[in-house]
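Notes for the one structure printed next.
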Amino acid sequence: MKLIVGIIKPFKLDDVKEALKGAGIHGLTVSDAQGFGRQRGHTEVYRGAEYTIDFVPKVRIEVLSEDSDVERTVNLIIETARTGKIGDGKVWVVPVDSVYRIRTGEAGTDAL
Amino acid sequence: MGGVIAATKFDTGDTAWVLISAGLVMFMTPGLALFYGGMVRTKNVLSMLMQNFFALGIVSIIWAVVGYSFAFGGKGWFIGNFDFALMKDVSTRFPHGFDLSIPPQLFSGYQMMFAVITPALITGAVADRMRFKAWVWFIGLWAVIVYSPVAHWVFSPDGWLFKRGALDFAGGAVVHINAGIAALAAVLVIGRRKGWPQHPMPPHSLPLTLIGTGILWFGWFGFNAGSALSGNAVAVQALMNTHLAAAAGMCAWLIVEKVRMGHATTLGAASGAVAGLVAITPCAGFIGTMSSIYVGAIAGAVCMFAVSWKLKFKYDDALDVVGVHLVGGLIGTLLVGVFADVSINAAGRDGLLHGGGLHLLGEQALAAVVVMAFSFVVTFAILKVLDRLLSGGVRVDLEEEEVGLDVTEHSETAYAYDRV
Numbered sequence: 293m294k295l296i297v298g299i300i301k302p303f304k305l306d307d308v309k310e311a312l313k314g315a316g317i318h319g320l321t322v323s324d325a326q327g328f329g330r331q332r333g334h335t336e337v338y339r340g341a342e343y344t345i346d347f348v349p350k351v352r353i354e355v356l357s358e359d360s361d362v363e364r365t366v367n368l369i370i371e372t373a374r375t376g377k378i379g380d381g382k383v384w385v386v387p388v389d390s391v392y393r394i395r396t397g398e399a400g401t402d403a404l
Numbered sequence: 028m029g030g031v032i033a034a035t036k037f038d039t040g041d042t043a044w045v046l047i048s049a050g051l052v053m054f055m056t057p058g059l060a061l062f063y064g065g066m067v068r069t070k071n072v073l074s075m076l077m078q079n080f081f082a083l084g085i086v087s088i089i090w091a092v093v094g095y096s097f098a099f100g101g102k103g104w105f106i107g108n109f110d111f112a113l114m115k116d117v118s119t120r121f122p123h124g125f126d127l128s129i130p131p132q133l134f135s136g137y138q139m140m141f142a143v144i145t146p147a148l149i150t151g152a153v154a155d156r157m158r159f160k161a162w163v164w165f166i167g168l169w170a171v172i173v174y175s176p177v178a179h180w181v182f183s184p185d186g187w188l189f190k191r192g193a194l195d196f197a198g199g200a201v202v203h204i205n206a207g208i209a210a211l212a213a214v215l216v217i218g219r220r221k222g223w224p225q226h227p228m229p230p231h232s233l234p235l236t237l238i239g240t241g242i243l244w245f246g247w248f249g250f251n252a253g254s255a256l257s258g259n260a261v262a263v264q265a266l267m268n269t270h271l272a273a274a275a276g277m278c279a280w281l282i283v284e285k286v287r288m289g290h291a292t293t294l295g296a297a298s299g300a301v302a303g304l305v306a307i308t309p310c311a312g313f314i315g316t317m318s319s320i321y322v323g324a325i326a327g328a329v330c331m332f333a334v335s336w337k338l339k340f341k342y343d344d345a346l347d348v349v350g351v352h353l354v355g356g357l358i359g360t361l362l363v364g365v366f367a368d369v370s371i372n373a374a375g376r377d378g379l380l381h382g383g384g385l386h387l388l389g390e391q392a393l394a395a396v397v398v399m400a401f402s403f404v405v406t407f408a409i410l411k412v413l414d415r416l417l418s419g420g421v422r423v424d425l426e427e428e429e430v431g432l433d434v435t436e437h438s439e440t441a442y443a444y445d446r447v
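Protein chains in written order, with the numbering used here: chain S, 293 to 404; chain X, 28 to 447.
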């Protein structure tokens, strides 16, 4: 099993969510995130004083996936979240030792 | 004046207008709280609201006890006396030199609202780092030792600046120069916020600031047009001037901001309107309608530059009380000497552009300088003494500053959205 983590542009969340739902994924966790990559931050001006805002608002999505579904899911996220401009974000995949469903106590792929 | 005044002498129209104006000016203090509250960081918004809101509490009581009497009692040139202390005779007798068509107590109540908002203006400078206890002591002392004498000099016909011929329709010197220079003294005593200016401290809610600006603008009609103390043509002139100066201030600020910085900002719109309102305050009932547009525009443009001075000279006037209120107040107070016109108000004088020469301008400059010197020195002294006497001093410690004053000073949190 793998955990697929994506950092995407906030306005792309709906597109990504619909695409993943259409592809039949089991579940999705989203949270607000801030950070910077190559895009860096931006500047804001308050009463003539310029401030550099280092962290850009992003959305973090997390999907637990069976190994066989990983490539398809990652490609789907990349295709739907892409604008081609700087700041589109990243997707990475990390191994997961075990997963449990709290309600039933099921473990492994049954818990997905 | 003096003696008992028969109720039949009052004009109901005048009385109604000044009653409403007192309410309008009262409403400016919560408006100011929102104006400032939106500009501080999330962790300090309640402390900012509270410092302003509580001015309505403590200063009102002090005004009834001695404040009014020190500002308007007796016939002295420097300060009032105890004649009206504890509201004695306030409902039956006008201060010396006043002959109004409204009940005498209404004059006291109307002036009370000015005494409340003036020290509240200073909160913006010391935002994010002053102990509430220290603020309470400070504002109480300041209202009596600084505000009342300055109000006496300028507003009382016995006051020495009034007698010399200085004109201040609604408080350009008494309110804005006074509070603005006090704000500078206060930040010099209390020091910079931790991390300023290296770390950004952007406003946490500009919508609050815009709501506050709207309330201030609305209340300012009572502040300026109410200062006619009558529902007459001078009040109408003051209302028109007030509105147009705010409009011109906003336009001018945004034009300069767009050219200098590339964007017209909401905070710029709010700041420009307030700068225009500040500058028109001393002029409101003394100048013509078109002149008010010039006053507002000059204030909006100049204050846009003035708010950057703190970065150059490294004084942490957090919310630009100096850049907007001191500078705006100075502009307005001096421009009275340029634009004043006796055909607008027979109780005024002619300024430079209306054949009055430089005389009035000189008196305006003198009043401005004297108020600045007095307020700066006394404010500085009050805070230095309080810093010695109060346990912990006037400033919170660094850890409290880091956590935020809402929690450390008031044990509350403004926004409890998170469920974790």
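Where a beta carbon is used, it is the ideal one built from N, C-alpha and C, also for glycine.
Counting only Cβ pairs nearer than 7 Å, list the residues of chain X close to residue i.
i, result
"glycine 333 of chain S", "Those do not exist, as glycine 333 of chain S stays about 10 Å from chain X at its closest Cβ, beyond 7 Å."
Three-state secondary structure (DSSP) at residue i?
i, result
"alanine 33 of chain X", "Note that alanine 33 of chain X scores 48 on pLDDT, short of 50, meaning its location in the model is unreliable and no value can be drawn from it."
"serine 357 of chain S", "strand"
"lysine 309 of chain S", "helix"
"glycine 381 of chain S", "strand"
"glycine 312 of chain X", "coil"
"serine 390 of chain S", "coil"
"arginine 191 of chain X", "helix"
"glycine 397 of chain S", "coil"
"arginine 422 of chain X", "strand"
"methionine 28 of chain X", "Because methionine 28 of chain X carries a pLDDT of 35, less than 50, the predicted location of this residue cannot be relied on, and the following value inherits that uncertainty. It is coil, neither helix nor strand."
"isoleucine 106 of chain X", "coil"
"threonine 344 of chain S", "strand"
"lysine 341 of chain X", "coil"
"lysine 350 of chain S", "strand"
"aspartate 445 of chain X", "coil"
"isoleucine 317 of chain S", "coil"
"glutamine 78 of chain X", "helix"
I need the boundaries of the beta strand (DSSP E) containing residue i, first residue and last residue.
i, result
"threonine 321 of chain S", "321-327"
"histidine 334 of chain S", "334-338"
"isoleucine 371 of chain X", "Unbroken run through isoleucine 371 of chain X: none, as it is neither H nor E."
"glycine 94 of chain X", "It is not in any beta strand (DSSP E) - glycine 94 of chain X carries neither H nor E in the DSSP assignment."
"isoleucine 299 of chain S", "294-300"
Run down chain S in chain order and give the residues with a C-beta less than 9 Å from the C-beta of residue i.
i, result
"serine 335 of chain X", "Arg339, Gly340, Ala341"
"threonine 236 of chain X", "Correct list: empty, because the minimum Cβ distance to chain S is about 10 Å."
"methionine 288 of chain X", "Val337, Gly340, Glu342"
"aspartate 445 of chain X", "Chain S residues near aspartate 445 of chain X: none, gap ~11 Å exceeds 9 Å."
Check the C-beta distance from residue i over to residue j and give it rounded, since I have them as a contact under 8 Å.
i, j, result
"histidine 381 of chain X", "alanine 367 of chain X", "7 Å"
"glutamine 331 of chain S", "phenylalanine 347 of chain S", "The pair is not a contact, with the Cβ atoms about 11 Å apart (cut-off 8 Å)."
"tryptophan 17 of chain X", "glycine 350 of chain X", "An answer regarding residue 17 of chain X cannot be provided, because it is not within the stretch 28 to 447 covered by chain X."
"isoleucine 317 of chain S", "valine 385 of chain S", "Contact flag wrong, Cβ pair sits at about 14 Å."
"leucine 83 of chain X", "threonine 56 of chain X", "5 Å"
"glutamine 264 of chain X", "threonine 150 of chain X", "That belief does not hold up - the Cβ atoms of glutamine 264 of chain X and threonine 150 of chain X are roughly 32 Å apart, past 8 Å."
"glycine 376 of chain S", "lysine 301 of chain S", "Not a contact, Cβ separation roughly 12 Å."
"valine 214 of chain X", "tyrosine 342 of chain X", "5 Å"
Let's see if you can read the secondary structure: which residues bound the alpha helix (DSSP H) around residue i?
i, result
"valine 64 of chain X", "With the sequence shown as reference, residue 64 of chain X is identified as glycine, and valine is not the correct amino acid for it. Per DSSP, glycine 64 of chain X belongs to the alpha helix (DSSP H) from 39-64."
"glutamate 436 of chain X", "432-437"
"glutamate 371 of chain S", "362-373"
"tyrosine 137 of chain X", "131-147"
"leucine 281 of chain X", "260-288"
"valine 397 of chain X", "386-416"
"isoleucine 208 of chain X", "205-217"
"lysine 160 of chain X", "159-169"
"leucine 235 of chain X", "233-251"
"histidine 179 of chain X", "175-182"
List, in chain order, every chain S residue whose beta-carbon is nearer than 7 Å to that of residue i.
i, result
"proline 331 of chain X", "According to the sequence as given, residue 331 of chain X is methionine; it is not proline. Going along chain S in sequence order, the residues near methionine 331 of chain X (Cβ under 7 Å) are Gly340."
"threonine 292 of chain X", "Val337"
"glycine 232 of chain X", "What sits at residue 232 of chain X in the sequence shown is serine, not glycine. None at all; the shortest Cβ gap to chain S is about 13 Å."
"leucine 338 of chain X", "Ala341"
"proline 229 of chain X", "Glu336, Tyr338, Tyr343"
Determine the chain S residues that contact residue i at a beta-carbon separation under 8 Å, and present them in chain order.
i, result
"serine 298 of chain X", "Arg339"
Does the CB of residue i have a neighbour CB from chain C at under 8 Å?
i, result
"glycine 383 of chain X", "The structure shown contains no chain C; its protein chains are S and X."
What residues in the region 324-358 of chain S bring their beta carbon closer than 8 Å to a beta carbon of chain X?
Glu336, Val337, Tyr338, Arg339, Gly340, Ala341, Glu342, Tyr343, Thr344, Ile345
Residues of the region 302-326 of chain X whose Cβ lies closer than 9 Å to any Cβ of chain S, in chain order
none
Interface residues of the region 347-360 of chain X facing chain S [CB-CB below 7 Å]
Asp347
Against chain S, which members of the region 198-227 of chain X pass a CB distance test of less than 8 Å?
Pro224, Pro227
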